[in-house]
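Here the protein sequences come in this chain order: S and W. Residue numbers for the first sequence follow our numbering, beginning at 1 and rising by one. Residue numbers for the second sequence follow our numbering, beginning at 271 and rising by one. A virtual CB, placed ideally from N, CA and C, is assigned to each residue, including glycine. This one's a predicted model, so the numbers in the text were calculated from it and none came from an experiment. See structure below.
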Amino acid sequence: MSALLEVDHLSCGYAHQEIVHDVSLTVERGEFCALLGLNGCGKTTLIKSICGLMPVRAGRCLVDGQDCTPLNERQRALRMAYIPQRGSLIMGRTVLEVVLMGFNAQLHLLASPGRSHRKAAMEALDRLGLAEAAGRDYETLSEGQKQLVILARTLVQDAPMLLLDEPDSALDFVNRNMVLGKVREILHTQGRGGLITLHDPNFALAYCDRLLLMKEGRILQSLPLVNAARETVETALAGIYGQIQVLCHQGGFVMVRRTEEERSEADGTL
Amino acid sequence: MSGEKQRTKRVCAAYLLAAAALMIAVTVSFCVGKYPISPQELLALMTGGEVKEMTRKVFFTLRVSRTWMAVLSGAGLGLAGAVYQIIFKNPLASPDIIGVSSGANLGAAVAIVAVNGVMGSVAAGAFAGGLLAVALVMLLVRATRSTATSTYVLAGIIISALSKTGIMLLKYFADSEAHLAAMEYWTMGSLAAVTASRVWEILPYWTVGFAGLLLLHRQIQLLSLNEEECQALGVRLKPVRRTVLALSTLLVAAIISVTGLISFVGLIAPHIANLMIRRRDTHTMLLSSLIGAVVMVASDILARALYAAELPVSTLTTLIGVPVLVWFMCRRKEGRI
Numbered sequence: 001m002s003a004l005l006e007v008d009h010l011s012c013g014y015a016h017q018e019i020v021h022d023v024s025l026t027v028e029r030g031e032f033c034a035l036l037g038l039n040g041c042g043k044t045t046l047i048k049s050i051c052g053l054m055p056v057r058a059g060r061c062l063v064d065g066q067d068c069t070p071l072n073e074r075q076r077a078l079r080m081a082y083i084p085q086r087g088s089l090i091m092g093r094t095v096l097e098v099v100l101m102g103f104n105a106q107l108h109l110l111a112s113p114g115r116s117h118r119k120a121a122m123e124a125l126d127r128l129g130l131a132e133a134a135g136r137d138y139e140t141l142s143e144g145q146k147q148l149v150i151l152a153r154t155l156v157q158d159a160p161m162l163l164l165d166e167p168d169s170a171l172d173f174v175n176r177n178m179v180l181g182k183v184r185e186i187l188h189t190q191g192r193g194g195l196i197t198l199h200d201p202n203f204a205l206a207y208c209d210r211l212l213l214m215k216e217g218r219i220l221q222s223l224p225l226v227n228a229a230r231e232t233v234e235t236a237l238a239g240i241y242g243q244i245q246v247l248c249h250q251g252g253f254v255m256v257r258r259t260e261e262e263r264s265e266a267d268g269t270l
Numbered sequence: 271m272s273g274e275k276q277r278t279k280r281v282c283a284a285y286l287l288a289a290a291a292l293m294i295a296v297t298v299s300f301c302v303g304k305y306p307i308s309p310q311e312l313l314a315l316m317t318g319g320e321v322k323e324m325t326r327k328v329f330f331t332l333r334v335s336r337t338w339m340a341v342l343s344g345a346g347l348g349l350a351g352a353v354y355q356i357i358f359k360n361p362l363a364s365p366d367i368i369g370v371s372s373g374a375n376l377g378a379a380v381a382i383v384a385v386n387g388v389m390g391s392v393a394a395g396a397f398a399g400g401l402l403a404v405a406l407v408m409l410l411v412r413a414t415r416s417t418a419t420s421t422y423v424l425a426g427i428i429i430s431a432l433s434k435t436g437i438m439l440l441k442y443f444a445d446s447e448a449h450l451a452a453m454e455y456w457t458m459g460s461l462a463a464v465t466a467s468r469v470w471e472i473l474p475y476w477t478v479g480f481a482g483l484l485l486l487h488r489q490i491q492l493l494s495l496n497e498e499e500c501q502a503l504g505v506r507l508k509p510v511r512r513t514v515l516a517l518s519t520l521l522v523a524a525i526i527s528v529t530g531l532i533s534f535v536g537l538i539a540p541h542i543a544n545l546m547i548r549r550r551d552t553h554t555m556l557l558s559s560l561i562g563a564v565v566m567v568a569s570d571i572l573a574r575a576l577y578a579a580e581l582p583v584s585t586l587t588t589l590i591g592v593p594v595l596v597w598f599m600c601r602r603k604e605g606r607i
């Protein structure tokens with residue numbers, strides 16, 4: 001069986017500037033992949049082009065073997081869901097109503113969500129521990145809860161592929177862990193694929209199955225984290241973040257900055 | 271879930287209040303005017319009792335069509351205003367924002383100067399002008415290939431500015447004072463010249479616009495999200511937005527072709543609706559349309575009753591709208607809409 005998401009020699013960018021050059025990558029079912037790279041390396045552009053939010057210059061992007069580049073928004077929304085850095089300002093709507101927006105692509109243009117949709121939306125909220133909040137005003141929630149509601153909306157959208165663009169950027173440490181933990185759990189239990197861009201590599205190391213390291217619009221390396229050797233991870237991350245050190249911690253990895261002393265020490269041993 | 275019950279109660283109360291206000295306003299509107307009709311006579315008219323021939327004539331040829339037009343125009347402007355505030359994500363947006371009223375104004379001015387405003391030429395000119403202006407805005411947006419909603423605002427500013435220049439030139443070269451006066455009066459709005467046939471003429475356009483917007487209510491709510499989020503949820507941004515703007519333009523152009531420019535109703539009705547129910551959903555759209563109708567009918571009553579001659583209706587929509595808005599603004603709680 002082919003991969004869930006297959007990006008095939010994709011180039012994209014703005015009218016006069018190509019940002020992402022000839023990128024190919026795959027994401028399997030039930031796999032949570034992180035796209036890591038410095039600011040301006042083209043992570044967001046790549047994610048947006050995959051979702052069809054930015055024009056593609058060359059290449060294709062397949063979900064379940066079907067090319068999504070020529071599809072319209074509605075057809076695409078049935079195949080992939082997108083979570084932005086920060087949701088829109090939504091005023092005067094209840095949490096349940098916000099989740100129900102996720103059914104848009106499945107509903108007829110003029111139809112309204114019915115009882116079965118409400119039930120499914122409540123189930124999605126319940127899964128994320130937000131059933132109590134269903135009747136509350138969305139704007140009264142904390143940023144972390146808002147992201148969970150958006151996640152619930154994405155769940156009812158029922159697309160096999162989830163694309164997340166720094167969904168954690170407005171969240172504090174606790175909420176960040178909670179949201180990423182929930183995303184990971186959902187991907188693994190429901191067999192969906194996830195591609196996420198993150199600023200903090202430590203969160204990627206903690207929650208993702210594979211890292212895609214990006215630099216200057218190209219993917220340098222695809223690095224599975226399961227059973228990876230510490231040295232491999234360190235060399236790969238150093239290729240992007242420079243003077244760093246990767247430590248083993250509770251069966252996972254943690255990335256820290258090298259101090260001046262360690263740097264000179266490392267130079268000395270060379 | 272008690273919050274939900276309370277919310278439902280508040281929405282119901284708001285509908286009841288607005289509907290009651292509209293009933294009262296419509297009843298008063300039937301009675302007030304240069305030839306007053308007493309409540310007894312009104313009752314007799316309704317139940318088919320004995321009334322003077324003159325009363326019957328005034329009621330059926332003048333009052334009914336005039337009141338009916340006030341309801342239609344207020345409801346249409348209220349709905350269109352709510353839709354524009356939602357899709358432009360801007361509390362100051364009103365249907366004027368993409369040029370429909372300045373286009374209509376130019377169309378009316380051309381009709382006044384070119385053919386002395388004979389027959390229905392002013393209405394036809396205004397209607398065509400409004401539609402043409404928005405069509406140009408859409409072409410301009412299309413030429414930029416932009417997906418941003420703000421492009422419509424910019425294009426609207428450009429087309430409005432061009433229309434205003436056209437009006438200025440027409441005024442400058444208008445050969446008689448009568449033309450100038452007619453152009454000025456048109457911008458103040460009035461329901462004095464409304465006839466039943468005029469109402470029937472615009473009713474199809476009004477109905478298509480009004481019903482179309484209501485049918486698309488779910489898409490309109492989704493357009494309030496960021497463009498990218500909206501597209502990711504499967505909203506076909508460009509065609510849906512174009513359809514919504516076309517429907518609301520049809521609605522507004524149909525109305526102002528008969529009434530002339532009416533200020534403030536489209537801007538204020540959605541705010542009153544928001545403040546009443548503290549929601550931004552389909553109920554806001556419906557309630558805004560009811561409130562628009564109330565404001566419009568009440569303004570038209572005062573336009574007939576305040577002074578020996580008729581006052582321009584736009585002065586009164588503002589005078590009625592402002593206190594109501596101020597009252598709701600003072601009542602709102604911190605941190606709410």
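- Contact with chain S is found for W/V505, since one of that chain's Cβ atoms lies less than 8 Å from the residue's Cβ.
- Scanning the region 201-248 of chain S from its first residue to its last, the whole beta strand (DSSP E) runs of 3-plus residues come out as 210-215, 218-224.
- For S/L53, at least one C-beta of chain W is nearer than 8 Å to its own C-beta.
- Looking at S/R86, S/G87, S/D22, S/R76, the one whose alpha-carbon comes closest to that of S/R57 is S/D22.
- S/P201 is the residue among S/A121, S/Q221, S/P201, S/R153 whose C-alpha sits nearest the C-alpha of S/M255.
- Contact between W/A563 and W/G348 is confirmed by a C-beta separation of about 7 Å, below the 8 Å threshold.
- Against chain W, a Cβ distance below 9 Å from S/P84 picks out N496, E498, E499, A502.
- With a cutoff of 8 Å on beta-carbon distance, W/G504 and W/P365 are scored as not near each other.
- Within its own chain, the residues whose Cβ lies closer than 6 Å to the Cβ of S/G217, once the five positions on either side in sequence are excluded, are I19, V20, H21, G42, listed in chain order.
- In the DSSP assignment, S/Q75 falls within the alpha helix (DSSP H) that extends over 73-77.
- By the Cβ-count criterion, W/Q501 is buried, with 16 or more other Cβ atoms from all chains shown falling within 10 Å of its own Cβ.
- For W/R548, the C-beta contacts it makes with chain S under 7 Å involve G92, in order along the chain.
- Residue pairing for S/A34: DSSP places it in a beta bridge opposite S/I196, S/L211.
- S/G252 sits in a strand when the DSSP states are folded into three classes.
- Residues of the region 576-601 of chain W with a C-beta atom less than 7 Å from some C-beta of chain S do not occur.
- At a cut-off of 8 Å between beta carbons, S/Q66 makes no contact with chain W.
- Each of S/I90, S/L5, S/L237, S/S222 was checked against the Cα of S/H199, and the nearest Cα belongs to S/L237.
- Note that the region 459-478 of chain W touches the region 326-336 of chain W; at least 3 beta-carbon pairs, one per stretch, sit closer than 8 Å.
- Interface criterion met: the Cβ of W/Q489 is under 8 Å from a Cβ in chain S.
- Within the region 36-51 of chain S, those residues whose Cβ lies closer than 8 Å to any Cβ of chain W are, in chain order, K48, C51.
- Within a 10 Å sphere around the beta-carbon of S/P113 sit 16 or more other beta-carbons, which makes this residue buried.
- Straight-line measurement puts the Cα of S/G87 at about 11 Å from the Cα of S/L151.
- With respect to the 8 Å criterion, W/I532 and W/G400 are not classified as neighbours on the basis of their beta carbons.
- In the structure shown, S/E6 adopts extended strand secondary structure according to DSSP, grouped into three states.
- The shortest C-alpha to C-alpha distance from S/L162 to any of S/E97, S/E185, S/Y138, S/S142 is the one to S/E185.
- Between the alpha carbons of W/L545 and W/F598 lies a gap of roughly 6 Å.
- Around the beta-carbon of W/A393, 16 or more other beta-carbon atoms lie within 10 Å, marking it buried.
- Under the three-pair Cβ rule at 8 Å, the region 554-562 of chain W counts as touching the region 348-360 of chain W.
- When DSSP states are grouped into helix, strand and coil, W/L545 belongs to the helix group.
- The criterion of a C-beta distance shorter than 8 Å is not satisfied by S/C68 and S/R210.
- By the 16-neighbour rule on beta-carbons within 10 angstroms, W/F397 is buried.
- Annotation: W/R415 is outside any alpha helix (DSSP H) and is labelled neither H nor E by DSSP.
- Of all C-beta pairs linking the region 164-174 of chain S to the region 137-144 of chain S, three or more are shorter than 8 Å, placing the two stretches in contact.
- Proximity of W/G348 to chain S, defined by a Cβ-Cβ separation below 8 Å, is not satisfied.
- S/I83: member of the beta strand (DSSP E) spanning 80-83, first to last residue.
- Contact annotation: W/L410 and W/I427 have beta-carbon atoms that are not nearer than 8 Å.
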